[in-house]
Each structure stands twice: as structure tokens, then as C-alpha cells.
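Visitor: Protein chains in written order, with our numbering: chain A, 1 to 189; chain B, 190 to 424. The structure's right below; bear with me while I get my questions together.
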Amino acid sequence: MSITSYNGSALIAMVGKDCFAIASDRRLGVNFQTIACDFQRIFKIHDTLYIGLSGLATDVQTMHQRLQFRHKLYQLREERNMRPETFASLVSAILYEKRFGPYFCEPIIAGLNEDGTPFICTTDLIGAKQLSKDFVVSGTASESLYGACESMYKPDLGPDELFEVISQALLSSVDRDCISGWGGIVHVV
Amino acid sequence: MGDSQYSFSLTTFSPSGKLVQIEYALMAVGAGQTSLGIKASNGVVIATEKKLPSILVDEASINKIQSLTPNIGVVYSGMGPDSRVLVRKSRKQAQTYQRLYQEPIPLSQLVRETAAVMQEFTQSGGVRPFGVSLLVAGFDDNGPQLYQVDPSGSYFSWKASAIGKNVSNAKTFLEKRYTDDMELEDAIHTAILTLKEGFEGQISGKNIEIGIIDDKRIFKVLTPAEVDDYLAEVE
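Here it is as C-alpha cells:
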């Protein structure tokens, strides 16, 4: 079994009107056995910046710890929160440091810029950034997530409608993937 | 640099609690040519005397004011070669930040890191403190800023400051002339007048250097011709 599908995951982030939503499944599995239904994949970096990490669960947790460490130091030194683009560049740099022995996770970064405009992006496991204006997906269910988002997404949705759209896209996609699912969580900012 | 075989510092406390090497370094700074900086509401100006040891020296090849990034410039008083080492290190630190975060380094962060380097050299084995004080000027998201960094590694943000020879006269002059709502053009004139105060000989575009940064956030050193134009305005 591939190392990135050892634990199973599904993540989406979507852009709305002056808001964003980020959602993930809750399953933690070991190959085909489910061992937890409350696994946290989305982490808050600060009030308007969230990161979701798909892939190998141990790397999800380690990456989160490393990024939280870096952000806290940044906050103390610069006396301000990191902007989403800056954070995305930092994630990319940290992943590329391990170019020849990478973290097996593919992050999704979602945040609000200082002027309130939403920002989302994803990177591959070695740090190639991919900005997007509408939605980004990650995880073992990514193929069906792309399909669901493409058909359900509309631009400039308000927070409530965005919640509905992202939840439906997540739930319908994870149903087609046996190693992700078992619940979902959505953060709308 | 710091890879010496000495494992003990050469800078040690005196009985009165002073680090004498740093005091001496400050004296080296105080013997250097005057430099000053003024922060205006819409920019910063830094200036220095450029007295050459002989008329045979090609003054166009001497650049006392240098840029650390496109929006940060620096001038020194004291030992020129020491300042070149610091400029080199600071530029590298600025670029490392840029590479990591893909955005320009805030001035206060660069000053902090440069000051940390200067402090290292007061505590590491087998090295001496830098014999320069720096005036760092820049314009970033927090507006125009002017910092002074001393050989000890302490740094201060100033509205206007002078370093080197004749510092007390220059600072008194600046205290009288400085206003909070000064614009960049006024600041440049004030800087020239302050330099003129303690200048021996005829001041011209060839024996002073002026660097400015305005709200377009590009640091530039004025050409001798531009300096002469400002000198004419001041007359």
C-alpha cells in the first residue's frame, strides 16, 4: 500500500465572499482498519489562518508542531501574525528542506489577508505551491473531491451557503473512498 | 570570523563593571568622520562626510553609504573595513529572510539580527568588537525608520541622530531644528546644514555623501551633481 494512503484523508478549502471554509474527514485508519473517528487534520495557526494536512498521520502531527513553533517565534519577534502568503512560503520552504526524504503530507493553507480577502493554496509533499482562486483539495479522495468541487462550487458564496457547498462536496466524495470519511469537520472564517 | 582557536573571550569586565573593549570601540567610532540621519514624515535621509586622505584618491570609487536591500540603506562612522563585513553579513541575512518568506525583511528585524552579530563579537572567543556604529535607514510597512547600532550590539530607533566626530554639536543642532512633521526635502536641507556646522574646508558634492529613501521605498545614493544642487538650495 502506498505510504500516502496508509492512514487515509480528505481535505477541501474553498473561497467565498470575504470568507473561506476548510473541511476535512475525521477517520484515522491503519490500512483498512479504522482506529479513530476524531482525528484532527485542520489546525488553527491564528484567528484568520488555518492549515489542513493530509497524508501520513505522524507527519501531519509533526508538521503541525513544527509550523506552530515557527509561527509562535515569528509572532514574538515581529509582534504580529503571519500573513497567509508568507505562511505558505514558509510551509513550502520547510517541506523542501526534506527534498530527498520528505514529509509524506500535502498541506492546504487557508486564510484571510489583512484586507479581508480570502487566500487558499496547496503544496505537494516537497513544497511546490499551487495558488487557487476557487478551491483546493488534498488527500486519498482527491480525485472525487476535484469532481465534486468542480460541479458544486460557485464563486462569491456567503458563509452559510459556503458551509453547505463544502460539506456536500466532502461527504459525497468520501463516500466513494473507503479509507476516508467517518465524519467531517468544517471551519468557516 | 569566530572560528579561532581561542575558547575565551578577549572582552572581559573591568572592576567597575564596564567592558573596556567596547568603550574603546566607541572611541574609535568617535574618531571617525561624522555621519547623521534624519527621519522625515515621508522618508529618511542619511549623510556623511567623505574626507579623503589625499587629493589623489579617486573619490568616485569610495561609497560610504551602501544599500542592504532595495528599501534599506546604511552609513557608518568608524573603521571602514569593519563596516564592509557588517554590510556583507546584513545583506545575507536580508536575503535569507527573503528566500524563506518570499517577502522583504522588515527593517526592525534586520537591525535586530545585525545587532546580534555585533554582540557576538563582544563575547565570542578570540575576536574584537566592531569599530563602527551604523545608521540604518529604511521604509517598510511600518513607515520610515532610522536605527543606530553600536559596537556593543545595542540599537535604538531615532527621529534624528549623529555619530562620529563632533557628535554633541551635531545633535544639539538637530534637536533645535527637528520637527515631527518635517518632509524629506526639509530633512535633506537640515542634514546638509548640520554637516556644514562641523565641516572643515569647503563643502561640495565631492566630499559629502547623501542617501535618501522616500515613500516609493527605493533607497538611493545621490550623485555628486544632485548633492551640489541641494547645496546650492541651502545657500
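Ideal Cβ placement from N, Cα and C applies to all residues, glycine included. These numbers were taken from a predicted model, which means no experiment stands behind them.
Closest by CA to residue 201 of chain B, which one among B:225, B:410, B:392, B:312?
Guide: When only C-alpha atoms are compared, the closest one is B:312.
Visitor: The beta strand (DSSP E) spanning residue 329 of chain B covers which residue range?
Guide: Taken as a continuous stretch (DSSP letters only), the beta strand (DSSP E) holding residue 329 of chain B covers 321-329.
Visitor: May I ask you to list the residues that DSSP assigns as paired with residue 403 of chain B?
Guide: Beta-bridge pairing links residue 403 of chain B to B:232.
Visitor: Under a CB-based cut-off of 7 Å, is residue 309 of chain B close to chain A?
Guide: No - not a single Cβ of chain A is within 7 Å of the one on residue 309 of chain B.
Visitor: What are the boundary residues of the beta strand (DSSP E) that residue 13 of chain A is part of?
Guide: Note, residue 13 of chain A: beta strand (DSSP E), 10-15.
Visitor: Name the chain A residues that come within less than 8 Å of residue 295 of chain B, Cβ to Cβ?
Guide: Per Cβ cutoff of 8 Å: 78.
Visitor: What's the C-alpha gap between residue 4 of chain A and residue 105 of chain A?
Guide: Looking at the two C-alpha atoms, the distance is approximately 7 Å.
Visitor: Compute the Euclidean distance between the alpha carbons of residue 148 of chain A and residue 168 of chain A, then round it to the nearest angstrom.
Guide: Approximately 8 Å, taken between the alpha carbons.
Visitor: Report the partner residues of residue 106 of chain A according to the DSSP bridge assignment.
Guide: Its beta-bridge partners are A:54.
Visitor: Taking the beta carbon of residue 121 of chain A as the centre, do at least 16 other beta carbons fall within 10 Å, making it buried, or is it exposed?
Guide: Residue 121 of chain A should be labelled buried.
Visitor: Suppose only complete runs of 4+ residues qualify. What are the alpha helix (DSSP H) ranges in the segment 97-158 of chain A, listed by chain order?
Guide: Segments of the alpha helix (DSSP H) lying fully in the segment 97-158 of chain A: 142-152.
Visitor: Classify residue 270 of chain B: buried if its beta carbon has 16 or more other beta carbons within 10 angstroms, exposed otherwise.
Guide: Looking at its Cβ environment, which holds fewer than 16 other Cβ atoms inside 10 Å, residue 270 of chain B is exposed.
Visitor: Could you work out which residues of chain B lie near residue 90 of chain A, taking near to mean beta carbons separated by less than 7 Å?
Guide: Neighbours of residue 90 of chain A on chain B, chain order: 289, 290.
Visitor: With a threshold of 7 Å between beta carbons, is residue 58 of chain A in contact with chain B?
Guide: No, residue 58 of chain A does not count as interfacial toward chain B.
Visitor: Ignoring anything shorter than 4 residues, give me the alpha helix (DSSP H) runs that lie fully in the segment 198-274 of chain B, in order along the chain.
Guide: 209-219, all fully within the segment 198-274 of chain B.
Visitor: For a contact defined as C-beta to C-beta under 7 Å, what are the partners of residue 298 of chain B on chain D?
Guide: The displayed structure is made up of protein chains A and B, and chain D is not among them.
Visitor: Check whether the Cβ atoms of residue 22 of chain A and residue 88 of chain A lie closer than 7 Å to each other.
Guide: No; because the gap between Cβ atoms is not below 7 Å, this pair is not in contact.
Visitor: Using the beta-carbon of each residue, which ones in chain B are nearer than 8 Å to residue 86 of chain A?
Guide: The answer, in chain order, is 290, 291, 292.
Visitor: Assess contact between the segment 282-291 of chain B and the segment 224-235 of chain B, defined as three or more Cβ pairs (one per stretch) separated by less than 8 Å. Is contact present?
Guide: Too few Cβ pairs lie closer than 8 Å, so no.
Visitor: Note down, in chain order, every chain B residue with its Cβ under 7 Å from the Cβ of residue 93 of chain A.
Guide: Within chain B, the residues near residue 93 of chain A are 289.
Visitor: Three or more beta-carbon pairs under 8 Å between the segment 397-414 of chain B and the segment 352-367 of chain B, yes or no?
Guide: No contact exists between the segment 397-414 of chain B and the segment 352-367 of chain B.
Visitor: Within the same chain, show all residues whose beta-carbon is closer than 7 Å to that of residue 163 of chain A, passing over the 5 residues directly before and after it, in chain order.
Guide: If we look at residue 163 of chain A and ignore the five residues flanking it on each side, its Cβ neighbours are 21, 186, 188.
Visitor: For residue 43 of chain A, which option in A:31, A:6, A:65, A:79 has the closest C-alpha, if you only look at C-alpha atoms?
Guide: The residue with the shortest Cα to Cα distance from residue 43 of chain A is A:65.
Visitor: Are residue 190 of chain A and residue 102 of chain A close, meaning C-beta to C-beta below 7 Å?
Guide: With chain A running from 1 to 189 in the structure shown, residue 190 of chain A is simply not present.
Visitor: Measure the CB-CB distance between residue 134 of chain A and residue 153 of chain A and report whether it falls below 7 Å.
Guide: For residue 134 of chain A and residue 153 of chain A, yes; Cβs fall inside 7 Å.
Visitor: Is it the case that the segment 214-228 of chain B contacts the segment 262-281 of chain B, given that we only count it when at least three CB pairs across the two stretches are under 8 Å?
Guide: The answer is yes - the segment 214-228 of chain B touches the segment 262-281 of chain B, with three or more Cβ pairs under 8 Å.
Visitor: Looking at the structure shown, is residue 375 of chain B part of a helix, part of a strand, or coil, going by DSSP?
Guide: DSSP places residue 375 of chain B in helix when its eight states are reduced to three.
Visitor: Span of the alpha helix (DSSP H) holding residue 6 of chain A?
Guide: Unbroken run through residue 6 of chain A: none, as it is neither H nor E.
Visitor: Which residue marks the beginning of the beta strand (DSSP E) containing residue 291 of chain B, and which one marks its end?
Guide: Counting along the chain, residue 291 of chain B falls outside any beta strand (DSSP E), and DSSP gives it neither H nor E.
Visitor: Where do the N-terminal and C-terminal ends of the beta strand (DSSP E) with residue 25 of chain A fall, by residue?
Guide: 20-25 is the span of the beta strand (DSSP E), which, as asked, contains residue 25 of chain A.
Visitor: Near residue 348 of chain B, which residues of its chain fall below 8 Å by C-beta distance, leaving aside the five closest residues on each side in sequence?
Guide: If we look at residue 348 of chain B and ignore the five residues flanking it on each side, its Cβ neighbours are 227, 228, 335, 367, 369.
Visitor: Give the DSSP bridge partners of residue 390 of chain B, in chain order.
Guide: None, per the DSSP bridge assignment.
Visitor: With a threshold of 8 Å, are at least 3 pairs of Cβ atoms found where one atom belongs to the segment 49-62 of chain A and the other to the segment 8-16 of chain A?
Guide: At 8 Å Cβ cutoff, the stretches touch.
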